[in-house]
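Residue numbers (the numbering used here): 1 to 352.
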């Protein structure tokens, strides 16, 4: 295992590729952003400093909670056990109905980190694992924000978690590269992946370059790499609520993950740009289940009380970490000297 930072600093992005034109490509998610000096990628959590990419959010924790693994939702791996759910900031998508907006997008927090002005909690990997063991949970789940965005931290925590006898869960939109999946696969036990739709137009609405084929490929890739995969579809009225689409999703799960692979059907609740859209009628949820049964799936779960793994009512981070709020929320300035006196520039990666 590489040297793990013991205080906040920018950490080199694990999957990066220098380009001939002076930019550096990030190969964590399928945006594959080409980022110039002083720019940040679409997720805004990775910055280019003189040709090298760094993760701004390594060890930065937005939220922690203790949950049943079934709440992720995961039904067929270690049922009845508990996980410590953790998230950071940043996402490769911009979902119009996001319930974790301040966390998953995290624009203001990532701006503050780039300026060296953030007071968000920084938690070393071993401290997080120790907190999980102390809490008596059996696993650690990376959720609330997209794990690929802070993969460097996820990797370090997962290796320590396994050494401590904990399992690991990765809750993802699956807009992730093969390289990232191959890097993380030995250290992840469970992946809960969204199949938001089988329409390219649906995906383009939340992530311009995204295509259904790419997301499905990543889910199948995770399965083929030996990760236990469960899938979830949040049904939004007028967006992805047709019986025909639900049947096609179920057929894809059957043909690629197996008839015993669980499919979780969740209810949409109004939020953000989709605040005008009503909650999903319950009959649509059960219609989707009927289509899954028609396709031959054996494990279909319908949730009419919640739509996502949200962090709205979580305890403060310090509640779990055996540390004071004052200790955790010191101003974060990078401990390394590579950036020079000018600091991290704030030009955002706007020209995709």
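In this text, a Cβ means the ideal position worked out from N, Cα and C, and glycines have one as well.
As the structure is a computational prediction, the values presented were derived from the model and not from experiment.
Can you name, in chain order, every residue of its own chain whose Cβ lies under 8 Å from the Cβ of residue i, other than the five neighbours on each side?
i	result
residue 236	97, 268, 274, 277 and 280
residue 145	62, 87, 88, 89, 90, 91, 100, 103, 104 and 106
residue 27	15, 16, 17, 177, 179 and 180
residue 324	318
residue 183	14, 15, 151 and 155
Give the range of the alpha helix (DSSP H) segment to which residue i is assigned.
i	result
residue 286	282 to 295
residue 115	107 to 115
residue 245	243 to 257
residue 126	125 to 135
residue 162	151 to 163
residue 53	Where residue 53 is concerned, there is no enclosing alpha helix (DSSP H), although the beta strand (DSSP E) it sits in stretches over 52 to 55.
residue 148	First-last for residue 148: undefined, no H or E at that position.
residue 327	325 to 328
residue 319	318 to 321
How about residue i and residue j: do their beta carbons lie closer than 9 Å?
i	j	result
residue 166	residue 129	yes
residue 66	residue 79	no
residue 157	residue 142	yes
residue 180	residue 29	yes
residue 73	residue 293	no
residue 254	residue 198	no
residue 11	residue 152	yes
residue 256	residue 204	no
residue 190	residue 77	yes
residue 55	residue 150	yes
residue 131	residue 84	yes
residue 301	residue 263	yes
residue 215	residue 192	no
residue 137	residue 81	yes
residue 232	residue 188	no
With respect to the beta strand (DSSP E) encompassing residue i, which residues constitute its N-terminal and C-terminal limits?
i	result
residue 141	139 to 142
residue 47	46 to 49
residue 26	24 to 26
residue 68	63 to 68
residue 273	Unbroken run through residue 273: none, as it is neither H nor E.
residue 17	16 to 18
residue 167	167 to 172
residue 301	300 to 303
residue 230	228 to 235
residue 265	263 to 267
residue 88	First-last for residue 88: undefined, no H or E at that position.
Is it buried or exposed for residue i, if we count other Cβ within 10 angstroms and need 16 for buried?
i	result
residue 107	exposed
residue 2	exposed
residue 224	exposed
residue 250	buried
residue 331	exposed
residue 139	buried
residue 135	exposed
residue 240	buried
residue 322	exposed
residue 125	buried
residue 296	exposed
residue 315	exposed
residue 186	exposed
residue 226	exposed
residue 352	For residue 352, the predicted model reports a pLDDT of 38, less than 50, meaning its position is unreliable and no value from the coordinates is stated.
residue 21	exposed
residue 238	exposed
residue 6	exposed
residue 161	buried
residue 114	buried
Below 7 Å CB to CB, which residues in the same chain sit around residue i once its five sequence neighbours on both sides are set aside?
i	result
residue 304	267, 282 and 285
residue 173	92, 93, 146 and 194
residue 34	19, 23 and 25
residue 112	118
residue 50	37
residue 298	259 and 260
By Cβ distance below 6 Å, which residues in the same chain neighbour residue i in space, the five residues on each side in sequence not counted?
i	result
residue 211	200
residue 207	93
residue 245	198
residue 41	26, 33, 35 and 349
residue 334	9 and 10
residue 320	64 and 131
residue 133	164
residue 58	11, 152 and 153
Check whether the Cβ of residue i sits closer than 8 Å to any heavy atom of the ligand GTP, and report yes or no.
i	result
residue 82	Judged by which ligands are present, the structure shown has none, so any question about the ligand GTP falls away.
In chain order, which alpha helix (DSSP H) runs of at least 4 residues are fully inside the region 180 to 216? Counting only runs of 4 or more, we get 200 to 206.
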